[in-house]
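Residue numbers (the working numbering): 3 to 213.
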């Protein structure tokens, strides 16, 4: 049985492809620590001198490079979702985290909207990186909100064989391709889940409330 929760994060603007990649990174960092995949927060662990720190730093730097090179303007309309799976294998996950990456059509229109301030019209610029305030807002929603806390309380402690798997869902072939990113046309999220099997799913989306 699939249990689904949703978190809508109102950042007061449409997120461009660059800021969405930061949302993905913040979510990933939070999940790795919260779900006890790593013993310390990412920033702390990546600065350590231990063997575990060095191993983690090497792997996470590659992940960060993939995000940076893949989440670019040519792919803005192609990347629809970033999926994080936790389990022993990607085809039988225990937890699913789905981050919406593609703006709806009415949200795309908001990016180019013009506000009439008396005699002067100003174009709303939404293509910029997340501010420190927005980063804190996203982290709080993912780690500390009531929905997030309830979701994590119902998730079992990860086992020794559990790993993290990441997928980028697209509507077509990507225009820019990062080294280390492999294409898998056969992968699908689990369907027709037996009642005895429980999967916890969390959907995450940055939203822009115009009114």
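Positions of the beta carbon are idealized from the N, C-alpha and C atoms, including for glycine.
To the nearest whole angstrom, what separates the beta carbons of residue i and residue j, a pair I think is in contact under 8 Å?
i           : j           : result
residue 84  : residue 101 : 4 Å
residue 88  : residue 164 : 6 Å
residue 170 : residue 81  : 6 Å
residue 10  : residue 207 : 5 Å
residue 40  : residue 168 : Wrong, their Cβ atoms sit about 15 Å apart, outside the cutoff.
residue 78  : residue 28  : Not really, about 19 Å apart at Cβ, beyond 8 Å.
residue 13  : residue 136 : 5 Å
Would you identify the three-state DSSP class for residue i, choosing helix, strand or coil?
i           : result
residue 7   : strand
residue 195 : coil
residue 155 : helix
residue 17  : coil
residue 33  : helix
residue 64  : helix
residue 12  : strand
residue 46  : helix
residue 88  : strand
residue 148 : helix
residue 69  : helix
residue 58  : helix
residue 53  : helix
Under DSSP, the beta strand (DSSP E) around residue i begins and ends at which residues?
i           : result
residue 73  : Taken as a continuous stretch (DSSP letters only), residue 73 belongs to no beta strand (DSSP E), as it is neither H nor E.
residue 227 : Residue 227 is absent from the structure shown; the chain starts at 3 and stops at 213.
residue 96  : Taken as a continuous stretch (DSSP letters only), residue 96 belongs to no beta strand (DSSP E), as it is neither H nor E.
residue 171 : 165-172
Give the range of the alpha helix (DSSP H) segment to which residue i is assigned.
i           : result
residue 138 : 134-145
residue 80  : Looking at the DSSP string, residue 80 is not in any alpha helix (DSSP H), and its letter there is neither H nor E.
How about residue i and residue j: are their beta carbons less than 8 Å apart?
i           : j           : result
residue 38  : residue 159 : yes
residue 55  : residue 144 : no
residue 43  : residue 53  : no
residue 146 : residue 7   : no
residue 92  : residue 177 : no
When you compare the segment 131-140 with the segment 17-24, are there three or more beta-carbon pairs, one atom per stretch, that lie closer than 8 Å?
yes
Validate contact between the segment 179-186 and the segment 63-77 using beta carbons, cut 8 Å, 3 pairs
yes
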